[in-house]
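Participant:
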Amino acid sequence: MKYFKTILYLAITLAVTMACSKQNKALKIEAPSGEIKVEFQLSKDGTPQYMVQFKDINVIEPSSMGFDFQGQPALQKGLKITSSETNTVDETWEMPWGEQLKVKNHYNELIVRLQESETSGRKFNIYFRVFDNGIGFRYEFPQQDGLDSLIILEENTRFKLTGDHTCWWIPGDWDIYEHLYNTTKFSEIDAIEAGKDVNLAQTYIPENAVNTPVTMRTKEGLHLSFHEANLTNYAGMTLKVDPENLSMVSNLVGSDRLGYKVKRALPFQTPWRTIQISEKATELIDSKLILNLNEPNKLDDVSWFKPKKYVGIWWEMHLNVSSWDVASGKHGATTENAKRYIDFAAANNITGILVEGWNTGWEHWVGFDDREGIFDFVTPYPDYDLEEVVRYAKANDVELIMHHETSAAPRTYEQQLDTAYSLMQQLGIHSVKTGYVGKIIPKGEYHHGQWMVNHYRKVLETAAKYQIAINAHEPIKATGIRRTFPNAISREGLRGQEFNAWSVDGGNPPEHLPIVAFTRMLAGPIDFTPGVFDIKLNQKENNQVNTTLAHQLALYVVIYSPIQMACDLPENYKGHPAFQFIRDVGVDWQQTVVLNGEVGDFVTIARQEKESRNWFVGSITDENKREITIHFDFLEEGKTYDAIVYRDGDDAHWQNNPTSYDLENRMVTNDSTITFVLAEGGGLAISLVKMD
626 MKYFKTILYL AITLAVTMAC SKQNKALKIE APSGEIKVEF QLSKDGTPQY
676 MVQFKDINVI EPSSMGFDFQ GQPALQKGLK ITSSETNTVD ETWEMPWGEQ
726 LKVKNHYNEL IVRLQESETS GRKFNIYFRV FDNGIGFRYE FPQQDGLDSL
776 IILEENTRFK LTGDHTCWWI PGDWDIYEHL YNTTKFSEID AIEAGKDVNL
826 AQTYIPENAV NTPVTMRTKE GLHLSFHEAN LTNYAGMTLK VDPENLSMVS
876 NLVGSDRLGY KVKRALPFQT PWRTIQISEK ATELIDSKLI LNLNEPNKLD
926 DVSWFKPKKY VGIWWEMHLN VSSWDVASGK HGATTENAKR YIDFAAANNI
976 TGILVEGWNT GWEHWVGFDD REGIFDFVTP YPDYDLEEVV RYAKANDVEL
1026 IMHHETSAAP RTYEQQLDTA YSLMQQLGIH SVKTGYVGKI IPKGEYHHGQ
1076 WMVNHYRKVL ETAAKYQIAI NAHEPIKATG IRRTFPNAIS REGLRGQEFN
1126 AWSVDGGNPP EHLPIVAFTR MLAGPIDFTP GVFDIKLNQK ENNQVNTTLA
1176 HQLALYVVIY SPIQMACDLP ENYKGHPAFQ FIRDVGVDWQ QTVVLNGEVG
1226 DFVTIARQEK ESRNWFVGSI TDENKREITI HFDFLEEGKT YDAIVYRDGD
1276 DAHWQNNPTS YDLENRMVTN DSTITFVLAE GGGLAISLVK MD
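Following my numbering, the residues of the sequence shown are numbered contiguously, the last one being 1317.
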């Protein structure tokens, strides 16, 4: 009997050991190229962990996953793998407008199904997709008995780094992305201190966390960028910094009003957590990983929107030449002034005009706690004849871009959405710039929380019904949703050009956009409003733009958007030879080639216009003068191109002589290699026209 009990005990022990061994066995998935690998495993206590390798070198050390809930035990350990499966997708899809026409979507997928061993036996799944240039993973809570909804207090996704990487980051602000980028070691990140910015209208930074995309470079020269994709009905993710353990953990934007981060009915999926991985900084810009992790186009035909360049009544307000409101006595949005801009646009191959300050309510839009109900999105000021401006614009082949500033009172905007968009549809207006300046009303909500994420989506979906495209300012972050809803044409979401006109700290430094190209731009299109020619800002005593004129031209190629503003006053463009580049440059691209660059230092990009098939090149640098060499091997073989070159003058300097530039013509082929000098804070812009 004793012998039998011993055998039974050994058998049970062996079965348990084999079961544990099976549970602890790593599941692996790799990229189609085999260079990037993801390994998933449960720890001894049943905690989910993942690890990432690039060329068999660890990029992310074993990192845990889990959730804290309201009214439910945490979902962190005690899990078992119930099943897993793998899939492969290899497809090519077309963008209606974008950096390129065709996008390759090729990945291997691992799906892991998990269940708690004890307690309630809750189930959840993890999806991993591994591309040749990075990974994405997301959580799924399937339909299950006894659980119909979840209130998430925190999502505990960890990213364990392998070293004290160099980082380019902005604070994890729950309200605004308009901070300057910082360049530090990971261990030196101090978001609370860096977030003290007197220029910002609203800001809230509760933790030492960073916003995404955050880009890093290892000491070996590998580049990483952390972000999220398909942010839908969920809170935006910041990444809390743990400098001692060299790791980050997801820190969702919350709601003080509701007391939680996310509330969802089952079944649901979270956004994708993404890591782009590349040996070259330029390959970060090449990547379409964020887009590919979103669903295909739901709008079908979107030919009603055309990518465009535009001018507008906007920059003059920032220069204090005019004002948004009538009470100031210098109202900018008058019928006469709008017609002046339309005339200028029509004469210069520009097909859009933005008019800000056209509608009633601007007298009380900032500085007031109760801003609900102040804006009327269909009623113009008496000195602005909306229908006449639309008629005049159409007669000159120019389309009005509507402007809706909500003053961060989204409930007021939602009440008028159908009325406002119906008016736009009636007038044949197909795009609107929205704004959300100020603290969100109701109090306790933040720009990047779930409540506002859902508001921005409601605006986007409602606009689509009326064939309207959205250019959102003070937005939720771009996460590739433009693939699913192509009417999400552009957004701000960074420290824009206007800071040069009025900020008290000297504006955007020359390194700003060479950082943005490798950080914020990885998320999606940017309405930066380039094109300032009056660099020293004659109307302002203490401000200027901290670039050269050639740098401003180059931004039309470097910073992608399907709408690009020629933001300066018309009188600063008239008769200026360099304005020809803005007339010529495209906004919708057949293909894009990132030629060279390093994060925060410089970047050079070539783009081929979809319609004309002409090429345009833009190159910008930081505060350092440098030589760049361009190999024109992206051009069609056997053809000669007329290269119209706008370069910094020999004496150009962003501070001392910013408007010095030279204009020259060269003949180039795909065998040509030319070295150019970029001045301090300088740039280079080239138009390439194929010769007959």
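C-beta atoms are modelled at their ideal positions from N, C-alpha and C, and glycine is treated no differently.
All values derive from a computational prediction rather than experimental measurement.
If you drop the 5 nearest sequence neighbours on each side, which residues of the same chain put their C-beta closer than 6 Å to that of Q1216?
Facilitator: Correct list, in chain order: Q725, Q1233.
Participant: Between the alpha carbons of R763 and R898, how many angstroms are there, rounded?
Facilitator: Computed Cα separation, rounded: 6 Å.
Participant: Hey, which unbroken runs of the beta strand (DSSP E) at 3 residues or more fall wholly within the region 840-897?
Facilitator: Listed in chain order, the complete beta strand (DSSP E) runs (minimum 3 residues) inside the region 840-897 are 848-854, 862-867, 872-877, 887-890.
Participant: Where do the N-terminal and C-terminal ends of the alpha helix (DSSP H) with D968 fall, by residue?
Facilitator: Start and end: 960-971.
Participant: Okay, do the region 1237-1245 and the region 1153-1165 touch, 3+ Cβ pairs below 8 Å being the bar?
Facilitator: Contact between the region 1237-1245 and the region 1153-1165 is absent, because fewer than three Cβ pairs lie under 8 Å.
Participant: Inspect the CB distances between the region 805-822 and the region 1128-1148 and report whether three or more fall short of 8 Å.
Facilitator: With a cut-off of 8 Å, the region 1128-1148 and the region 805-822 count as touching, because enough Cβ pairs lie within range.
Participant: Taking DSSP as the reference, what is the three-state secondary structure of I1184?
Facilitator: Coil, per DSSP.
Participant: By how many angstroms is the C-alpha of K1019 removed from the C-alpha of G797?
Facilitator: Looking at the two C-alpha atoms, the distance is approximately 43 Å.
Participant: With H, G and I counted as helix, E and B as strand and the rest as coil, what does DSSP make of L1042?
Facilitator: Helix.
Participant: CB-CB under 8 Å to E941, same chain, minus the five flanking residues each way: which ones, in chain order?
Facilitator: Counting only Cβ-Cβ distances below 8 Å, and skipping sequence neighbours, we find S947, G957, L1194.
Participant: If we ignore side chains and look at the alpha-carbon of each, how far apart do G1225 and E853 end up?
Facilitator: Rounded to whole angstroms, G1225 to E853 spans 22 Å at the Cα level.
Participant: My output table needs one value for A1310: the three-state DSSP class, helix, strand or coil.
Facilitator: Residue state, collapsed to three classes: strand.
Participant: Distance check for Y732 and L635, CA to CA, integer angstroms please.
Facilitator: Here the model assigns L635 a pLDDT of 36, short of 50, so the residue's position is not dependable, and the following value carries that caveat. Looking at the two C-alpha atoms, the distance is approximately 44 Å.
Participant: Please name the residue or residues paired with D693 in a DSSP beta bridge.
Facilitator: Partner(s): E779.
Participant: Curious, which full-length beta strand (DSSP E) runs of at least 3 residues does the region 1094-1161 contain?
Facilitator: Within the region 1094-1161, the complete beta strand (DSSP E) runs of at least 3 residues are 1094-1097, 1113-1116.
Participant: Which residue comes first and which comes last in the alpha helix (DSSP H) that contains T907?
Facilitator: Note, T907: alpha helix (DSSP H), 906-911.
Participant: Can you look up A834 in the DSSP assignment and give me helix, strand or coil?
Facilitator: Of the three classes helix, strand and coil, the one that applies to A834 here is strand, per DSSP.
Participant: State the CB to CB distance for the pair S742 and G703, rounded to an integer number of angstroms; the pair is presumed to be in contact (CB under 8 Å).
Facilitator: So it is a contact: roughly 5 Å between Cβ atoms.
Participant: So, do the region 986-1001 and the region 966-976 have three or more beta carbon pairs nearer to each other than 8 Å?
Facilitator: Short answer: they don't touch.
Participant: Among P868, D715, Y966, which residue has its Cα nearest to the Cα of N833?
Facilitator: Nearest option by C-alpha distance: P868.
Participant: Per DSSP, what are the beta-bridge partners of Q678 in this structure?
Facilitator: Paired residues: K662, N683.
Participant: Determine, using beta carbons only, whether N1367 and S875 come nearer to each other than 8 Å.
Facilitator: Missing from the structure shown is residue 1367; the chain here goes from 626 to 1317 and no further.
Participant: What residue from S658, K934, T1254, T1154 has the CA that sits closest to H943's CA?
Facilitator: Among S658, K934, T1254, T1154, the Cα nearest to that of H943 is on T1154.
Participant: In the DSSP assignment, find the beta strand (DSSP E) that holds A1268 and state where it starts and stops.
Facilitator: Element bounds for A1268: 1266-1273.
Participant: Under a Cβ-count criterion, where at least 16 other Cβ atoms within 10 Å of its own Cβ denotes burial, should G1131 be classed as buried or exposed?
Facilitator: G1131 should be labelled exposed.
Participant: Once you ignore the five residues that flank N1290 on each side, which residues in its own chain have a CB closer than 8 Å to its CB?
Facilitator: D1267, A1268, I1269, V1270, listed in sequence order.
Participant: Go through the region 1178-1240 residue by residue and report every complete run of the beta strand (DSSP E) that reaches 3 residues or more, in order.
Facilitator: DSSP runs (the beta strand (DSSP E)) wholly in the region 1178-1240: 1188-1190, 1214-1223, 1227-1234.
Participant: Around the C-beta of T713, are 16 or more other C-beta atoms found within 10 angstroms, so that it is buried, or is it exposed?
Facilitator: T713 should be labelled exposed.
Participant: Quick one: what's got a C-beta closer than 6 Å to V1210's C-beta in the same chain, skipping five residues either side?
Facilitator: Taken in chain order, the residues that qualify are Y1181, F1241.
Participant: Here's the rule: buried if 16 or more other CB atoms are within 10 angstroms of the residue's CB, otherwise exposed. What is N1125?
Facilitator: When all chains shown are included, N1125 counts as buried.
Participant: From the DSSP output, read off the bridge partner residues of N733.
Facilitator: For N733, which the question treats as bridged, DSSP gives the partners T713, V755.
Participant: Would you tell me roughly how many angstroms separate the C-alpha atoms of H848 and I1101, rounded to the nearest one?
Facilitator: Roughly 25 Å separates the two Cα atoms.
Participant: How many angstroms separate the CA atom of V866 from the CA atom of V835?
Facilitator: Computed Cα separation, rounded: 7 Å.
Participant: Rounded to a whole number of angstroms, what is the C-alpha to C-alpha distance between S646 and S688?
Facilitator: With a pLDDT of 45 at S646, under the threshold of 50, the modelled position of that residue is not reliable, and no figure is offered here.
Participant: Is the region 1053-1070 in contact with the region 1080-1095, if contact means three or more CB pairs nearer than 8 Å?
Facilitator: Judged by Cβ distances under 8 Å, the region 1053-1070 makes contact with the region 1080-1095, as three or more pairs qualify.
Participant: Tell me the DSSP secondary structure of Q1051 in three-state form.
Facilitator: Here Q1051 sits in helix by DSSP.
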